[in-house]
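The block underneath contains the structure these notes are about, expressed in structure tokens.
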Amino acid sequence: MLYEPVKTFVQIRKPDPKYQIGSGLVERIAKEIKENEIDIVVFGNQLSPSQKYNLAKNFKVEVIDKIELVLRIFYKHAKSREALLQVRLAELKYELPRAKEKVRLAKQGEQPGFGGYGDYEVEKYYQKVKREINIIKSKLEKLKKHRENLRKRRGNFDTVGLIGYTNAGKTSLLNALSGDRKEVKNQVFTTLSTTTRRIRGIKRRILITDTVGFMDDLPPFMIEAFLSTIEESANSDLILLVVDASDSLEEIERKLKVNYEVLDKINCKSPIITVFNKVDKITYEKREEILKSLKRYIVNPIFVSAKYNINLDKLKEMILENLNLSIGTVETDNPKLISYLYENTEILEDVLEDNKHIITFRAKEKDVNRILKAVRV
Ligand SMILES: Nc1nc2c(ncn2[C@@H]2O[C@H](COP(=O)(O)OP(=O)(O)OP(=O)(O)O)[C@@H](O)[C@H]2O)c(=O)[nH]1
Ligand SMILES: [Mg+2]
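Residue numbers (the numbering used here): 882 to 1258.
Now the structure itself:
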């Protein structure tokens, strides 16, 4: 844990341009800081540099917002070179639009958190941040090429990617399926870089990749920085979308939607198995409820426990089955066939041309062959 929160304040109001919160509350918090020897104040809302400056001037301690807190957590966890570069890039992107104002403010007299900036010239500092962004981007680009080369060398392996919210149990699942011992913890962002392992206990050669988890309220510039990391997992032949089944129904629904949005954004077209993890923590009724009320959002559901090894053999079977999917295209105006395809296969594309549907669909290899054969006769 980085910091133990000592006190929490909530105020509902129109944001004050000078402090974000009202000046009465500023005074109250300043008093608390003095009395309790507080080291840092974290704001849930995003702060402008001048709000931070004014608050630090009153509080005499450093003031950061939620994004900066997240960046610090990322720094603490980033172990690989790539993860560190991604975090630094996210930090610089956050800094860039604020750089000029920050230097200007620091020149008015240093406050906690503004140390050092006063020595810069406004424009020079801005250019320095911009230059560093470009350098990091090209370093990341090189690392990505290197990874692509590695992937090509793995040519004859099928690949499975773990995707899901932070703390859902992705690393636990990687460990359980591969017999590995990667770090697992009940906290967010345990994993910040990508690991690939071989799945044990099946005849086929299948690689499984673990990566950083999603979190809420990630600002767009950070999503961008982490999408490339997530992209590697999403580039697999099959996606295991890992969900914490012990979350509330509303949470599960909300997180599933975000998962799909992200997969959509990186243009992922791979088939998906929805893995409801931590089944040991839920009742049979909850299981039924999830399946019933979230039917629309779920593809290929399976309930497992990575921690207690429940249903993992069935999951391996499902992985094999879903790696054998194949794609077919038919041209038809037969409503029976069209509705059959919509009900029994995954529709990838449906284009209407001269009153005929040209439908591209995905299903098990033998089903695709059967359907194509039936259409031909
Ligand atoms: N009860 C129970 N707990 C589990 C299960 N699987 C994982 N956990 C716990 O859930 C927590 C998170 O597990 P991780 O595997 O680190 O989760 P993650 O998705 O890799 O998290 P990040 O790396 O932060 O994205 C840990 O405390 C695990 O012990 C399970 O099947 N049952
Ligand atoms: Mg993890």
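Glycine included, each C-beta is placed from N, C-alpha and C at the ideal position.
- Judged by DSSP in its simplified three-state form, S1207 adopts strand.
- D1128 counts as buried, since no fewer than 16 other beta carbons sit within 10 angstroms of its beta carbon.
- Of all alpha-carbon atoms in K1138, A1115 and I1163, the one lying nearest the alpha-carbon of I1147 is that of A1115.
- Of the heavy atoms belonging to ligand 1, none sits nearer than 6 Å to the Cβ of A1115.
- DSSP places L928 outside both helix and strand once states are collapsed to three, so it counts as coil.
- Between the stretch 1166-1183 and the stretch 1055-1066 there are fewer than three C-beta pairs closer than 8 Å, too few to call the two in contact.
- DSSP assignment within the stretch 1163-1248 yields the following whole beta strand (DSSP E) runs of 3 residues or more, N-terminal first: 1182-1184, 1206-1213, 1227-1234 and 1237-1245.
- The secondary-structure analysis by DSSP pairs E1002 with nothing; it has no beta-bridge partner.
- The Cβ atoms of L1121 and L1043 lie closer than 7 Å to each other.
- Within the stretch 1057-1089, there are no complete alpha helix (DSSP H) runs of at least 4 residues.
- Under the 8 Å Cβ criterion, the stretch 998-1013 does not count as touching the stretch 1078-1092, having fewer than three qualifying pairs.
- Taking all protein chains shown into account, V1123 has 16 or more neighbouring C-beta atoms within 10 Å of its C-beta and is therefore buried.
- When the beta-carbon positions are compared, Y934 and L970 stay at least 7 Å from each other.
- Sixteen is the threshold: when 16 or more other Cβ atoms of the shown chains lie within 10 Å of the Cβ of Q967, as they do, the residue is buried.
- As the crow flies, the alpha-carbon of E908 is around 8 Å from that of N939.
- Around the beta carbon of Y1006, a 10 Å sphere encloses 16 or more other beta carbons of the protein chains shown; the residue is thus reported as buried.
- Of the residues assessed, K983 falls on the buried side of the cut-off, its CB having 16 or more other CB atoms within 10 angstroms.
- A Cβ-Cβ distance of about 6 Å is found for the pair I1200 and V1041, placing them in contact under the 8 Å criterion.
- A check of alpha carbon separations from N1205 across D1125, F1095 and P1152 identifies P1152 as the nearest.
- Comparing alpha-carbon positions, the option among L977, L1024 and V1139 lying closest to T1047 turns out to be V1139.
- The beta carbons of D897 and G905 sit about 10 Å from each other, so the pair does not count as a contact at 8 Å.
- Positions of the beta strand (DSSP E) runs, each at least 3 residues long and wholly inside the stretch 909-980, are given as 921-924 and 943-946 in order along the chain.
- With distances taken between CA atoms, V951 lies nearest to G925 out of C1149, K941 and G925.
- With 16 or more other Cβ atoms inside 10 Å of its own Cβ, G994 counts as buried.
- K1136 has its Cβ no nearer than 6 Å to any heavy atom of ligand 1.
- For L1253, the closest C-alpha among the options K1217, E1212, E1234 and Y1223 is that of E1212.
- At the C-beta level, V944 and I919 stay beyond 7 Å of one another.
- Residue burial is scored here from C-beta neighbours: L1054 has at least 16 other C-beta atoms within 10 angstroms and is therefore classed as buried.
- Rounded to whole angstroms, the separation of the alpha carbons of R1078 and D1061 is 8 Å.
- DSSP, reduced to helix, strand and coil, places D897 within a strand of the structure shown.
- T1090 is the residue among I954, D1039, K1197 and T1090 whose C-alpha sits nearest the C-alpha of T1052.
- Comparing alpha-carbon positions, the option among A1057, I1208 and V942 lying closest to L1196 turns out to be A1057.
- Judged by DSSP in its simplified three-state form, N1158 adopts strand.
- Distances from the CA of K1245 to each of H1238, I1228, D1235 and I1239 were compared; the closest alpha carbon is that of I1228.
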